[in-house]
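Participant: Protein chains in written order, with the working numbering: chain A, 36 to 95; chain B, 19 to 266.
Ideal Cβ placement from N, Cα and C applies to all residues, glycine included.
What follows is a single structure, and I will ask about it in a moment.
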Amino acid sequence: MRWNSLAEFMALGGYGFYVWTAFGVTAACMLWEVIALWRRRPAAPTWILQRRLGDERGSP
Amino acid sequence: MSVTTINWFRFSSSPAFFPLAGRLIPWCAAAAILCMAAGLYVGFFVAPTDFQQGEAYRIIFVHVPAAWMSMFLFVIMAGWAALGLGLRARLSFMMMQAVAPTGAMFTFLALLTGSLWGKPTWGTWWVWDARLTSELILLFLYLGVLLLQASIEDRRRADRASAIFALVGVVNVPIIYFSVQWWNTLHQGASVSLTAAPKMAATMLTGMLLMVVGFWMYSIAVALARVRCLIAERERSTPFVNELREVS
């Protein structure tokens, strides 16, 4: 282990603010994008369902 | 004995591609989470402290992957644009549109994390040097593509206009890449290149490459999720009657 305590890990030799802001904002942006896409996710359109029905009927 | 041939052109139509994309997303997402978790572990617990920059250098594990993705995704977006213009394929234009917001996000993050790295090491948040300015132009090019898509009412004209814009804008990518060689800049040269041995410790490189692979997988998963939204939203009004006959 590189760090002796949690406080030392968070401080990162005095650069904690810069490093954690960089990682924090990146994580926040990615999470926001995932959540936005999850909320926008489409229900299977009717043509998908039609196609599935078609497959079940055994059409080539 | 029967030879099964996969008709790849089948997947170039939206009805076939929609479920395929849906099946790929969980695998890419799982790979992204695994690679990023491993990359963060190596980056924060295995990689040594830099003898010049102390712990500040650890921003590299998010800055370099974001900056690389910003450029990769623009090239990929331009590739879909060219394919869309050449084949007049709607799905190619939709892929182009699906990549753009993620590329813009990574460009913004590359600029922001670079700024947070510049302050403690260079003493300034921002300088108007070649690398930083060309990356800022990349952000404007992404925004241009997104704005053209959003502002033109007619779908086909919006696709063509933003595709041409992306194809013209892609010349900026090599300018960003070579900016540290062509101009005298504050930004350091490439630490990793195809032609020379990496100028960094092996564990640092491992952590960074794990994050790069994680960001790649993330981008693929997100782009596929977005293209599914776009397919569903665009085709809602036009039933696939003709294409249904084609595939079934």
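Just tell me which of 234(B), 99(B), 97(B), 39(B) has its CA closest to the CA of residue 76(A).
Facilitator: In the first sequence, the residue the question calls residue 76(A) occupies position 41. It is 39(B) whose Cα lies nearest to the Cα of residue 76(A).
Participant: Is residue 141(B) helix, strand or coil when you go by DSSP?
Facilitator: Counting from one through the second sequence, the residue named residue 141(B) turns up at place 123. Note: residue 141(B) maps to coil in three-state DSSP.
Participant: Is the CB of residue 41(A) under 9 Å away from at least one CB in chain B?
Facilitator: As a position in the first sequence, residue 41(A) is number 6, starting the count at 1. Residue 41(A) does not count as touching chain B.
Participant: With respect to the alpha helix (DSSP H) encompassing residue 160(B), which residues constitute its N-terminal and C-terminal limits?
Facilitator: To locate residue 160(B), count along the second sequence from 1; it is residue 142. Residue 160(B) -> alpha helix (DSSP H) spans 148 to 169.
Participant: Can you tell me the Cβ-Cβ gap for residue 229(B) and residue 93(B), rounded? I've got them flagged as a contact below 8 Å.
Facilitator: As a working mapping, residue 229(B) is identified with position 211 in the second sequence. As a working mapping, residue 93(B) is identified with position 75 in the second sequence. With a Cβ gap of about 19 Å, residue 229(B) and residue 93(B) do not count as contacting.
Participant: Would you verify that the beta carbon of residue 56(B) is, or is not, closer than 9 Å to some beta carbon of chain A?
Facilitator: Residue numbering aside, residue 56(B) sits at position 38 when the second sequence is read from its first letter. Residue 56(B) does not count as touching chain A.
Participant: Between residue 162(B) and residue 74(B), what straight-line distance do the alpha-carbon atoms span, to the nearest angstrom?
Facilitator: Your numbering for residue 162(B) matches position 144 in the second sequence. Your numbering for residue 74(B) matches position 56 in the second sequence. Approximately 33 Å, taken between the alpha carbons.
Participant: Counting only the same chain and skipping the five closest in sequence on each side, list residues whose C-beta sits under 7 Å from that of residue 99(B).
Facilitator: Numbered from its first residue, the second sequence carries residue 99(B) at position 81. Excluding residues within five positions, the ones whose Cβ falls inside 7 Å are 114, 181, 184, 185.
Participant: Does the CB of residue 73(B) have a neighbour CB from chain A at under 9 Å?
Facilitator: Position 55 of the second sequence, counting from 1, holds the residue named residue 73(B). At least one chain A Cβ lies under 9 Å of residue 73(B).
Participant: Residue 260(B) to residue 32(B), Cα distance in whole Å?
Facilitator: By 1-based counting over the second sequence, the position of residue 260(B) is 242. By 1-based counting over the second sequence, the position of residue 32(B) is 14. Any reading at residue 260(B) is ruled out, since the residue's pLDDT is 44, under 50, leaving its predicted position unreliable.
Participant: Would a check of beta-carbon distances place residue 217(B) closer than 9 Å to chain A?
Facilitator: By 1-based counting over the second sequence, the position of residue 217(B) is 199. It does not; no Cβ of chain A falls within 9 Å.
Participant: Looking only at DSSP bridge pairs, what is residue 68(B) linked to?
Facilitator: By one-based count along the second sequence, residue 68(B) stands at place 50. DSSP lists 72(B) as partners of residue 68(B).
Participant: Count the C-beta pairs between the segment 116 to 125 of chain B and the segment 145 to 160 of chain B that are closer than 8 Å, then say yes if the count reaches three, no if not.
Facilitator: Taking 8 Å as the limit for Cβ pairs, the verdict is that the segment 145 to 160 of chain B does touch the segment 116 to 125 of chain B.
Participant: Shorter than 9 Å from the beta carbon of residue 264(B) to some beta carbon of chain A?
Facilitator: Translated into the one-based positions of the second sequence, residue 264(B) becomes position 246. Note on residue 264(B): pLDDT 46, under 50, position unreliable in the model; no value is reported.
Participant: Taking the alpha carbon of residue 165(B) as the reference point, which residue from 179(B), 153(B), 233(B) has its own alpha carbon closest?
Facilitator: Indexing the second sequence from 1 puts residue 165(B) at position 147. Selected option, being the one with the closest Cα: 179(B).
Participant: Sorry if obvious, but does the Cβ on residue 64(A) come closer than 8 Å to a heavy atom of the ligand ZN?
Facilitator: Looking for the ligand ZN in the displayed structure turns up nothing, as the structure carries no ligands at all.
Participant: Could you tell me which chain B residues have their CB closer than 7 Å to the CB of residue 65(A), listed as they occur along the chain?
Facilitator: Position 30 of the first sequence, counted from the start, is the residue given in the question as residue 65(A). Simply 236.
Participant: Please report the straight-line C-alpha distance between residue 60(B) and residue 234(B), rounded to a whole angstrom.
Facilitator: Sequence index remark: in the second sequence, residue 60(B) carries index 42 (1-based). Sequence index remark: in the second sequence, residue 234(B) carries index 216 (1-based). Spanning the two alpha carbons is a distance of roughly 18 Å.
Participant: Quick one: what's got a C-beta closer than 6 Å to residue 64(B)'s C-beta in the same chain, skipping five residues either side?
Facilitator: Residue numbering aside, residue 64(B) sits at position 46 when the second sequence is read from its first letter. Cβ within range, chain order: 221.
Participant: Classify residue 203(B) as helix, strand or coil using the three-state DSSP reduction.
Facilitator: Taking the second sequence and counting its residues from 1, the one referred to as residue 203(B) is at position 185. In this structure, residue 203(B) counts as coil in the three-state DSSP scheme.
Participant: Tell me which residues share the same chain as residue 49(B) and place their Cβ nearer than 6 Å to its Cβ, disregarding the 5 neighbours each side in the sequence.
Facilitator: On the second sequence, position 31 is the one that residue 49(B) refers to. Excluding residues within five positions, the ones whose Cβ falls inside 6 Å are 235.
Participant: Given a cut-off of 9 Å, decide if residue 116(B) and residue 241(B) are closer than it, judged by their beta-carbon atoms.
Facilitator: Translated into the one-based positions of the second sequence, residue 241(B) becomes position 223. Translated into the one-based positions of the second sequence, residue 116(B) becomes position 98. Cβ atoms of residue 241(B) and residue 116(B): closer than 9 Å.
Participant: Going by the CB atoms, is the gap between residue 243(B) and residue 73(A) shorter than 9 Å?
Facilitator: One-based indexing of the first sequence puts residue 73(A) at position 38. One-based indexing of the second sequence puts residue 243(B) at position 225. For residue 73(A) and residue 243(B), yes; Cβs fall inside 9 Å.
Participant: How far does the alpha helix (DSSP H) with residue 93(B) in it extend, from its first residue to its last?
Facilitator: Locating residue 93(B) in the second sequence gives position 75, where the first residue counts as 1. Segment 78 to 105, the alpha helix (DSSP H) holding residue 93(B).
Participant: Since residue 138(B) meets chain A, which of its residues come closer than 8 Å, beta carbon to beta carbon?
Facilitator: By one-based count along the second sequence, residue 138(B) stands at place 120. What residue 138(B) touches in chain A: 50, 53.
Participant: Check for me: the alpha helix (DSSP H) holding residue 69(A) runs from which residue to which?
Facilitator: Your numbering for residue 69(A) matches position 34 in the first sequence. Element bounds for residue 69(A): 51 to 75.
Participant: Going along chain A, which residues have a C-beta under 8 Å from residue 198(B)?
Facilitator: Counting from one through the second sequence, the residue named residue 198(B) turns up at place 180. The premise fails here: residue 198(B) is roughly 21 Å from chain A at the closest Cβ pair, so nothing lies under 8 Å.
Participant: Helix, strand or coil for residue 208(B), going by three-state DSSP, please let me know.
Facilitator: Reading the second sequence from its first residue, position 190 is the one you call residue 208(B). The answer is coil: DSSP assigns residue 208(B) none of H, G, I, E or B.
Participant: Mapping the DSSP letters down to three states, classify residue 40(A) as helix, strand or coil.
Facilitator: Here residue 40(A) refers to the residue found at position 5 when the first sequence is read from its first residue. Note: residue 40(A) maps to coil in three-state DSSP.
Participant: When the Cα of residue 239(B) is compared with those of 35(B), 43(B), 148(B), which residue comes out closest?
Facilitator: What you label residue 239(B) is simply residue 221 of the second sequence in a count that begins at 1. Among 35(B), 43(B), 148(B), the Cα nearest to that of residue 239(B) is on 43(B).
Participant: State the Cα-Cα distance for the pair residue 264(B) and residue 175(B), rounded to the nearest angstrom.
Facilitator: Translated into the one-based positions of the second sequence, residue 264(B) becomes position 246. Translated into the one-based positions of the second sequence, residue 175(B) becomes position 157. At residue 264(B) the pLDDT is 46, less than 50, meaning the model places this residue with poor confidence; the figure from the coordinates comes in the next sentence. C-alpha separation (whole angstroms): 26 Å.
Participant: Compare the C-beta of residue 186(B) with all C-beta atoms of chain A and state if any pair is closer than 9 Å.
Facilitator: Stepping through the second sequence from its first residue, residue 186(B) is reached at position 168. No, its Cβ sits nowhere closer than 9 Å to a Cβ of chain A.
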